[in-house]
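Here the protein sequences come in this chain order: Y and P.
So the mapping is simple: the working numbering equals the position in the first sequence, first residue as 1, plus 11.
So the mapping is simple: the working numbering equals the position in the second sequence, first residue as 1, plus 976.
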Amino acid sequence: MKDEKKKDGEMGNHSGLTRRQFLARTGVVAAGLTAYQLSEFLGAPHLKAAGPPILIGNIEPLSGPYADSGQDEMEGAMLANEEWNAKGGVLGREIKMITEDAPSNPGIGVQKTIKLIKKDNVHFLTGTLTSSVTLAIAEEAFKEKKLFMAFGSHSDDTTMQKSHRTTFRTTSQNWMLSTAVGAWLGKNWKPKSVYHITADYTWGHTARTSMNRALAKSGCKEIGNDFTPLGTKDFSANLIKARGLKPDLLSCNCYGADQVNLVKQFKEFGLAKDIHLCGPLSGIPMMKGTGQAADGVWGLSWNCTVDTPASQKLRATLRKRYAANKAPQWEPSYRHYLGYITHQQLFEAITRAKSTDLIPVIKALEGWKFDGLKWTPSTWRNFDHQNVQDVIVAKAQYPANFKTWADLFKILGHVPGDECAPSYEEWKKEGGHELEPYDLLK
Amino acid sequence: MISLNLSLPTIMNQLLNGFALGTLLVLMAIGLTIILGLMRVINFTHGVIYALGAYSVVTLFNYTGFWPCLIIGPILLGLIGMGMEATLIRPLYKRDPLHTMLLTFGLALMIEDIIRMTWGDAPYPMSPPEFLSGIIDLKLFIFSKYRLFIIVFCSALLIALWFFFQKTPMGKTILAGTFDREMVIALGIPINLLFTITFGIGSALAAVAGVLNAPIQGVYPPMGTGIIMSCFVVVIIGGMGSFWGAVIGGLLVGVVVSFSVEVFSAMSDVIVFILMAIVLLVRPRGIAGIEGLLE
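Structure, rendered in structure tokens:
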């Protein structure tokens, strides 16, 4: 081989490629890349840069026990991005979102946050649902002076003990959900005793505390509690133990796949005969997995059956955008709502502030009243950045004529946010952390 | 906080619940221990085979319903296990046992990702078959029909396995091989075939456990990782390479976990590892283990 004479123009490395061929192939690839870039640019003629794109760093669990909900949040956010980009972007700039997977692990959440801030140079952070991850990201965001719109953490800490000037929380906090559910339970079932099964991390802990506080108002006392690690599959021993103690209520302070298994096993062990099931938080992501075992009275942040025209419009838009690739019974979940409404609110705030700088956008959000697609307006409350909004109480069910996931919940009532959120005095008493002065963020 | 609300019905319920958990662990531990005892292979794929057993129900259910899955799934996965052993693991026998352990670990990671790619990340909810759902209400206890079925089914399977290992030539050879592999080779028994069949039986048992557990706990990609740890703990407690060790270990772990949730739930996560630590300190070979095996 080595002794073969080189053909004319053959390059010295014996690859058998002539210079002409090399230039031709490289040229084709280069032309292709240019055409691709050009087409991207030409395909979006109305986004002729009034500035570079606004980058949103979106962190969601796309794997692990909460993957379904993470996917929904991302889809809701994407819909808002697309709607605004179709109208010319925000302040004339295109919205670009980079989603990173942080499956229920605060360490990974922080890693991804740092990557988004330092490497991708995002302007804003949004997302996630696991409360422990949310708290970790919120700390990092405050350190790095980035606005963090926390879609879906329900733990009270996020806007109480661990609040920050840079954190805003979209979904109803545990306090609000529990107060609404507790009031309904106290009025309708009059329970005297409650047994808790609690996911052993911040969200579960504050869920139990808030449920106890709400139920105590009607004289209901805790007679037992089990902490279960996040990701527990088998609650049989806990349920057997609970049955032995004969409570009026069983409060499921678990979420995601844990809640699904608990509700199914609640039915499997026949507890529904003697005990009422309840919990501060549920939604389609859970009850779609319980099948005929769907049961219990829960707090909801939103549901696709909220009968306001605005909610039904969002439901229709989400269905139009996503239903084609989903199961026949698919309906949007409240996680879609959270992703959508948060991004919509962020973009409106940027527009009002006429800037993407941190402090003007924060000030544009604080105290702002808006249409949260529910019955009464929602507010980004000043002193804690909690989105104070209507809270829904609903019964989970699997009716005989079940057709879609919209049939999984029967809305029993709703409570205005002002009546179920902690007052400033209560907030302070629980250890509410005063938001930092703006100067610290300069 | 320690709670001592131990009425007779509660004790009966937790005991039965412990047996339901335990018999599934026993099945998996027997599979793991014969592979460990005879082949000296630390088989990390055991967990993902269990997961594949559960996923086989997801795929086959619409065509066959639940019951045939109890047979088709394990047979399929037994064959897959045999194929894996013959092509991938066999070439490594002459090497350091660490190599086969690394291989099975790598395979486990790969197979879990293949599961995600094939069936997606989201958990599949599942329920027990119609006539086994609901509870059985005897005055002494109220218990889930499906879990009682698990106890009965696994016990029957265990008796069949015992019969296989004690009374059939192949079973006796496998059991003998866990005691003295060199003698089995010296007697001219085709050891490669024996290994392949053993791996197949182990995998099939893991798959049975997966099929049985799917209606209770649902089906989700990392389900194998969760169970494999408990299996190794059972094998260590019961004794590596021992059939009865796996049985005692599995039932013990199941019952201890159930009662620890009842009495001192904060400890229920770690109690099994404490038990394992005690066994390793006091009797490293395990309750019914074989002296010298990996000691």
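Ideal Cβ placement from N, Cα and C applies to all residues, glycine included.
Going by DSSP, what residue range makes up the beta strand (DSSP E) through residue i?
{"i": "tyrosine 206 (chain Y)", "result": "204 to 210"}
{"i": "lysine 439 (chain Y)", "result": "Careful: lysine 439 (chain Y) lies outside any beta strand (DSSP E), inside the alpha helix (DSSP H) at 435 to 440."}
{"i": "aspartate 1113 (chain P)", "result": "1111 to 1114"}
{"i": "cysteine 263 (chain Y)", "result": "260 to 264"}
Check the DSSP bridge columns for residue i and list the partner residues they point to.
{"i": "phenylalanine 6 (chain Y)", "result": "Outside the shown range of chain Y, which is 12 to 453, sits residue 6 (chain Y), and nothing can be said about it."}
{"i": "phenylalanine 420 (chain Y)", "result": "Y:Ala407"}
{"i": "threonine 239 (chain Y)", "result": "Y:Ala210"}
{"i": "glutamate 94 (chain Y)", "result": "Beta-bridge pairing links glutamate 94 (chain Y) to no other residue."}
{"i": "glycine 68 (chain Y)", "result": "Y:Ile109 and Y:Leu136"}
{"i": "methionine 1252 (chain P)", "result": "According to DSSP, which records beta bridges pairwise, methionine 1252 (chain P) is partnered with nothing at all."}
{"i": "glutamine 460 (chain Y)", "result": "The question about residue 460 (chain Y) has no answer, for chain Y in this structure spans 12 to 453."}
{"i": "lysine 232 (chain Y)", "result": "Y:Ser204"}
{"i": "tryptophan 309 (chain Y)", "result": "Y:Gly290 and Y:Ala405"}
{"i": "lysine 380 (chain Y)", "result": "Y:Thr390"}
{"i": "cysteine 431 (chain Y)", "result": "According to DSSP, which records beta bridges pairwise, cysteine 431 (chain Y) is partnered with nothing at all."}
{"i": "alanine 161 (chain Y)", "result": "Y:Gly138 and Y:Arg180"}
{"i": "arginine 104 (chain Y)", "result": "Y:Val101"}
{"i": "phenylalanine 1117 (chain P)", "result": "P:Leu1114"}
{"i": "histidine 425 (chain Y)", "result": "Y:Ile403"}
{"i": "tyrosine 1100 (chain P)", "result": "P:Val1195"}
One question on the structure: do residue i and residue j come within less than 8 Å of each other, judged by their Cβ atoms?
{"i": "alanine 147 (chain Y)", "j": "alanine 161 (chain Y)", "result": "no"}
{"i": "lysine 278 (chain Y)", "j": "aspartate 306 (chain Y)", "result": "yes"}
{"i": "proline 427 (chain Y)", "j": "tryptophan 186 (chain Y)", "result": "no"}
{"i": "proline 240 (chain Y)", "j": "aspartate 211 (chain Y)", "result": "yes"}
{"i": "isoleucine 1150 (chain P)", "j": "leucine 1133 (chain P)", "result": "no"}
{"i": "leucine 349 (chain Y)", "j": "threonine 181 (chain Y)", "result": "yes"}
{"i": "lysine 252 (chain Y)", "j": "glutamate 1238 (chain P)", "result": "yes"}
{"i": "isoleucine 1006 (chain P)", "j": "alanine 1264 (chain P)", "result": "no"}
{"i": "methionine 1216 (chain P)", "j": "glycine 1178 (chain P)", "result": "no"}
{"i": "proline 1191 (chain P)", "j": "threonine 301 (chain Y)", "result": "no"}
{"i": "lysine 1121 (chain P)", "j": "isoleucine 1127 (chain P)", "result": "no"}
{"i": "proline 1099 (chain P)", "j": "valine 1211 (chain P)", "result": "no"}
{"i": "leucine 136 (chain Y)", "j": "leucine 158 (chain Y)", "result": "yes"}
{"i": "threonine 1144 (chain P)", "j": "isoleucine 1010 (chain P)", "result": "no"}
{"i": "proline 11 (chain Y)", "j": "arginine 104 (chain Y)", "result": "For residue 11 (chain Y) there is no data in the structure shown, the boundaries of chain Y being 12 and 453."}
{"i": "serine 164 (chain Y)", "j": "serine 189 (chain Y)", "result": "no"}
{"i": "asparagine 69 (chain Y)", "j": "glycine 138 (chain Y)", "result": "yes"}
{"i": "leucine 250 (chain Y)", "j": "glutamine 270 (chain Y)", "result": "no"}
{"i": "valine 192 (chain Y)", "j": "valine 274 (chain Y)", "result": "no"}
For the alpha helix (DSSP H) containing residue i, list its first residue and its last residue.
{"i": "asparagine 981 (chain P)", "result": "Counting along the chain, asparagine 981 (chain P) falls outside any alpha helix (DSSP H), and DSSP gives it neither H nor E."}
{"i": "serine 389 (chain Y)", "result": "From DSSP, serine 389 (chain Y) is part of no alpha helix (DSSP H) but of the beta strand (DSSP E) over 389 to 391."}
{"i": "leucine 188 (chain Y)", "result": "185 to 199"}
{"i": "aspartate 1089 (chain P)", "result": "1073 to 1095"}
{"i": "phenylalanine 1139 (chain P)", "result": "1121 to 1143"}
{"i": "serine 322 (chain Y)", "result": "320 to 333"}
{"i": "isoleucine 1212 (chain P)", "result": "1199 to 1214"}
{"i": "alanine 1180 (chain P)", "result": "1167 to 1193"}
{"i": "histidine 175 (chain Y)", "result": "Counting along the chain, histidine 175 (chain Y) falls outside any alpha helix (DSSP H), and DSSP gives it neither H nor E."}
{"i": "tryptophan 341 (chain Y)", "result": "Counting along the chain, tryptophan 341 (chain Y) falls outside any alpha helix (DSSP H), and DSSP gives it neither H nor E."}
{"i": "histidine 444 (chain Y)", "result": "Careful: histidine 444 (chain Y) lies outside any alpha helix (DSSP H) and carries neither H nor E."}
{"i": "alanine 1030 (chain P)", "result": "1021 to 1040"}
{"i": "proline 1050 (chain P)", "result": "1045 to 1060"}
{"i": "alanine 1222 (chain P)", "result": "1219 to 1239"}
Return yes when the C-beta of residue i is under 7 Å from any heavy atom of the ligand HEM, and no when it is not.
{"i": "glutamate 111 (chain Y)", "result": "As for the ligand HEM, it is missing from this structure, which has no ligand bound."}
Along the stretch 1236 to 1267 of chain P, what residues have a CB closer than 7 Å to any CB found in chain Y?
-> Val1237, Glu1238, Ser1241, Ala1242 and Asp1245
Taking only beta carbons into account, state which residues of the stretch 244 to 262 of chain Y come closer than 8 Å to chain P, listed in chain order.
-> Lys244, Asp245, Ser247, Ala248, Asn249, Ile251, Lys252, Arg254, Gly255 and Leu256
Within 9 Å of chain P by C-beta, residues of the stretch 339 to 351 of chain Y in sequence order = none
How about the stretch 1022 to 1037 of chain P and the stretch 1151 to 1162 of chain P: do they share at least three Cβ pairs that are nearer than 8 Å?
-> no
Inspect the CB distances between the stretch 1184 to 1199 of chain P and the stretch 1049 to 1059 of chain P and report whether three or more fall short of 8 Å.
-> yes
Proximal residues, the stretch 302 to 327 of chain Y versus chain P, C-beta separation under 8 Å = Gly302, Gln303 and Ala304
Count the CB pairs spanning the stretch 1225 to 1245 of chain P and the stretch 994 to 1002 of chain P that are closer than 8 Å, and state whether there are at least three.
-> yes
Pull out every residue of the stretch 57 to 85 of chain Y whose Cβ sits closer than 9 Å to any Cβ of chain P, in chain order.
-> Leu73, Ser74, Gly75, Pro76, Ala78, Asp79 and Gln82
Examine the Cβ distances between the stretch 369 to 389 of chain Y and the stretch 108 to 116 of chain Y and report whether three or more of them are shorter than 8 Å.
-> no
Counting Cβ pairs, one atom from each stretch, are 3 or more of them under 8 Å apart for the stretch 987 to 994 of chain P and the stretch 163 to 175 of chain Y?
-> no
Check each residue of the stretch 90 to 120 of chain Y: if its Cβ is closer than 8 Å to any Cβ of chain P, include it; give the result in chain order.
-> none
When you check each C-beta in the stretch 229 to 242 of chain Y against every C-beta of chain P, which residues fall closer than 7 Å?
-> Gly235, Asp237, Phe238 and Pro240
Looking at C-beta atoms only, is the number of pairs between the stretch 125 to 136 of chain Y and the stretch 85 to 94 of chain Y that lie closer than 8 Å three or more?
-> no
Can you list, in chain order, the residues of the stretch 1095 to 1109 of chain P whose Cβ is nearer than 8 Å to any Cβ on chain Y?
-> Asp1097, Ala1098, Pro1099, Pro1101, Ser1103, Pro1104 and Ser1109
Inspect the CB distances between the stretch 380 to 397 of chain Y and the stretch 435 to 449 of chain Y and report whether three or more fall short of 8 Å.
-> yes
Taking a cut of 8 Å between CB atoms, which residues from the stretch 262 to 277 of chain Y lie near chain P?
-> Ala268, Val271, Asn272, Lys275 and Gln276
Touching or not, the stretch 1060 to 1070 of chain P and the stretch 1033 to 1041 of chain P, by the rule of three or more beta carbon pairs under 8 Å?
-> no
Taking Cβ-Cβ distances below 9 Å as the criterion, which residues of the stretch 289 to 303 of chain Y are in contact with chain P?
-> Lys299, Gly300, Thr301, Gly302 and Gln303
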